[in-house]
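Residues in the first sequence are numbered from 513 upward in steps of one, following the numbering used here.
Just so you know, even glycine gets a beta-carbon here, dropped at the ideal spot from N, CA and C.
Scroll down for the structure; my scribbles are underneath it.
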Amino acid sequence: MKHIVAQLVTDALAELPELADAAADLSIESTVERTRDASHGDFATNIAMRLAKPARKNPRELAASIVAALADDADVDSVDIAGPGFINFHLNLSAFHAELETILLQGENYGRQASRDRPKILLEFVSANPTGPLHVGHGRGASFGATVGNLLEAVGYPVHREYYVNDAGRQMDILGVSVWLRMLEKDGIAVGFPQGGYRGGYIRDIAETINTDGVTSVSAESVLSGLPADAPEGDKEAYLEALIGKARTLLGEAGFDHVRQQSLELIRDDIEDDLAEFGVTFDTWYSEQSLTKTNRIDDALEVLRKRGMLYEKDGASWFPATDFGDEKDRVVIRANGIKTYFASDIAYHFDKRERGFDHLIDILGADHHGYLARVRAGLEAMGYKGDDLEVELVQFVTLYRGGKKMQMSTRSGEFDTLRQLRAEVGNDAARFYYVSRSNDQHLDFDLDVAKSQSSDNPVYYIQYAHARIASVFRQLAEKSLKWNDTEGRNHLALLVEPQEKALMTSLSRYPELIELSANNRAPQHLVHYLRDLANDFHTYYNAHAFIVDDTMLRDARLYLISATRVVIANGLGILGVSAPEKM
RNA sequence: GCGCCCGUAGCUCAACUGGAUAGAGCAUCAGCCUUCUAAGCUGAAUGUUGCAGGUUCGAGUCCUGCCGGGCGCGCCA
């Protein structure tokens, strides 16, 4: 709907060649906005004030000349100039009626834009280490990423969702040894469980279910002999390293690998199931191991080397990240010959671009913010633009129950997994609350509110509006009445109540909200919009009956609430929240 | 110490990339069900936007410096 006004202003400006220079680098669409106050009309543009300086003219005079150049339009009732130079547009109700018709014609596609070819977006999110179940912090990344993906698709971008599985490196050895020790424990061989191992109960579960074919049985003596002390008496890392060495020698590389890979697969499958139940799915699960297997890391390092972007120092290979604005140079191959995590990270992002994705979005936990500069440096060093990589940081989540902050460490608190959270508050509430705040703000997640089935709870408030509309149509059927949508469309002019105008206005904003939310990667705008829309509906519901004797009025009102149902369902769909017919 | 994120009503949060009188919900108080779901609605009250400067027609929003909180600064992943 906004484009009606933007087009008028654009055409008017074309009539004023003397302003062409001043308006050259101004997006007219961006100057048009909804008014905050109904007395200012429906839309306003601040273009006269924006052009005042470059055109060296008084904003009100400029506004007057723009208004004079505006063509007459059936959708516009009146235009006036207000304040320092705002141009206010009062639209004809017919424009809103046409929008309602569009909503019902387009249905679930309302608010979606035609698909475009580019940029092709690779959206990487969650990417939690496959060393244990997802915790509540990952849930936020999952909800945010999934919703941003939906938003970007809604505005037409091709989006590829990817989960990067960190299934290589030392953490896999630690996982394998943790499981092995629990297996030994089950067989009555007690080895001091390492401080640095994974201690969660799920490790025991894996030890129970793992396929032991090909895993050598060992004696207690062979494991315990020659082990150094664990912390606090000894060194935690040395103890862990010694145990990993034991696993390697006693089980053999193949045997240890068997335990490691099975553990990995069980955890990865569990994560995938968890996310699928949460409505979060991926197009690819990209394995870090595969980077090594396909030599992608060596390929990337070779590209750097050819470009003179590697140097040797202290026996290690370094990448001169400072040349690209990072704080310090980074090691890619350690003196012991092992490649660093940064090497695989750089190769991974290189690979993303090589696979043909134009724009890379990484959704990361806030504790990863240090990586942006170096990975971006890596891309630039390999000849890509640093801007190709966009990082959205998701801040931490704090759970509250009974007004108190909950401890969420694996050891002290029992409550820390995403699965537990979903079981307690439900998927809808979880998906909703996770995106209700800007991603760069800390999130206080109040379990009591999320669970409450009352007006305190915005999820239910919005869903209830949807269910109420469905209920109205059930009532209609019970009274053996039928809604004639054509008649409804023809008599929309009968909708003259203030609540009806307010609802129509809110509905017409939906496409703008989707675009805003997508462009800013800001689902919380959509959340707040839906809350306001539901409020407009509930207010209307309480003020006026829809199923009235006057057939024409009834059909028109049902037309309006049908459109409301469509918009609420579409908005909730983007958030990954269900739109129930009945509550 | 350096870097990133943040600071708005008693609480939880908005404010459409610089616009008009900074808005919602919760909590508090007063009302509304013989009528489509009261999981709802109506009304009342709440501010030195952390502090101090600066930029301009105009600043919660941009810049600088403080104060306060969170996170990060490995040849770990």
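- Task: Return the chain-ordered ranges of every alpha helix (DSSP H) run that is complete within the region 740 to 823 and spans a minimum of 4 residues.
- Result: 748 to 789, 800 to 805 and 808 to 818
- Query: Hey, Ala833 and Lys825 are a contact pair by Cβ (cut 8 angstroms); roughly how many whole angstroms apart?
  - Reply: That belief does not hold up - the Cβ atoms of Ala833 and Lys825 are roughly 13 angstroms apart, past 8 angstroms.
- Message: Ignoring anything shorter than 4 residues, give me the alpha helix (DSSP H) runs that lie fully in the region 547 to 627, in order along the chain.
- Response: 559 to 567, 571 to 581 and 605 to 618
- Query: Anyone know if the C-beta pair for Ser1020 and Met513 falls short of 7 angstroms?
  - Reply: yes
- Query: Taking all protein chains shown into account, do 16 or more other C-beta atoms lie within 10 angstroms of the C-beta of Gly713, making it buried, or fewer, making it exposed?
  - Reply: exposed
- Task: Starting from the Cα of Asp699, find the closest Cα among Asp717, Gly709 and Val730 and give me that residue.
- Result: Val730
- Item | Within 7 angstroms, strictly: CB atoms of Asp940 and Ser734 | no
- Ordered along the chain, which non-local residues of its own chain (more than five positions away) have a Cβ less than 8 angstroms from that of Ile845? Leu813, Ala828, Ser829, Lys851, Thr852 and Ala855
- Query: Are Asp795 and His871 touching if we call contact CB-CB under 7 angstroms?
  - Reply: no
- When burial is assigned at 16 or more other CB atoms within 10 Å of the CB, is Ala627 buried or exposed? The question names Ala, but residue 627 in the sequence shown is Ser. The residue in question, Ser627, is exposed, as its Cβ has fewer than 16 Cβ neighbours within 10 Å.
- Item | Whole-number beta carbon distance between Phe831 and Leu822, since they are thought to touch under 8 angstroms | 6 angstroms
- Message: Restricting to Cα atoms, I'd like to know which of Leu531, Val843, Ala550 and Asp584 is closest to Ala560.
- Response: Leu531
- Ignore the nearest five residues each way along the sequence and tell me which others in Gln1011's own chain have a CB closer than 8 angstroms to its CB. Asp1048, Thr1051, Tyr1052, Ala1055 and His1056
- Task: Look at the alpha carbon of Asp725 and the alpha carbon of Arg716, and state the distance between them as a whole number of angstroms.
- Result: 18 angstroms
- Task: Assign Val1079 to buried or exposed, taking buried as 16 or more other Cβ atoms, counted over all protein chains shown, within 10 Å of its Cβ.
- Result: buried
- Note down, in chain order, each residue of its chain lying with its Cβ closer than 6 angstroms to the Cβ of Val1108, except the 5 sequence neighbours on either side. Because the chain in this structure spans residues 513 to 1095, residue 1108 falls outside the shown range and cannot be described.
- Length of the line joining the Cα atoms of Asp769 and Asn621: 49 angstroms
- Taking the alpha helix (DSSP H) that Thr910 falls in, what are its first and last residues? Premise fails: Thr910 lies in the beta strand (DSSP E), Val909 to Arg913, not in any alpha helix (DSSP H).
- Query: How is Tyr669 classed by DSSP in three states: helix, strand or coil?
  - Reply: coil
- Mark Ser948 as exposed unless 16 or more other C-beta atoms lie within 10 angstroms of its C-beta, in which case mark it buried. buried
- Message: For the structure I just gave you, are there three or more beta carbon pairs, one from the region 857 to 872 and one from the region 884 to 902, closer than 8 angstroms?
- Response: yes
- Item | Pairwise C-alpha distance: Thr1017 and Arg1041 | Rather than Arg, the amino acid found at residue 1041 in this sequence is Tyr. Between Tyr1041 and Thr1017, the C-alpha separation is close to 12 angstroms.
- Query: Under the DSSP definition of a beta bridge, which residues are partnered with Thr955?
  - Reply: According to the sequence displayed, residue 955 carries Leu and not Thr. The partner list for Leu955 (beta bridge, DSSP) reads Val909.
- Message: Can you find the residues in the same chain that come closer than 8 angstroms, C-beta to C-beta, to Glu505, ignoring five residues on each side of it along the sequence?
- Response: What is shown of the chain runs 513 to 1095, which leaves residue 505 out entirely.
- DSSP state of His880 mapped onto helix, strand, coil: helix
- Task: Please classify Val947: does DSSP put it in a helix, a strand, or coil?
- Result: coil
- Proximity of Tyr945 and Ala962 at Cβ, strictly below 7 angstroms: yes
- Query: Taking all protein chains shown into account, do 16 or more other C-beta atoms lie within 10 angstroms of the C-beta of Gln953, making it buried, or fewer, making it exposed?
  - Reply: exposed
- Thinking C-beta only, is Ala666 closer than 7 angstroms to Arg624? yes
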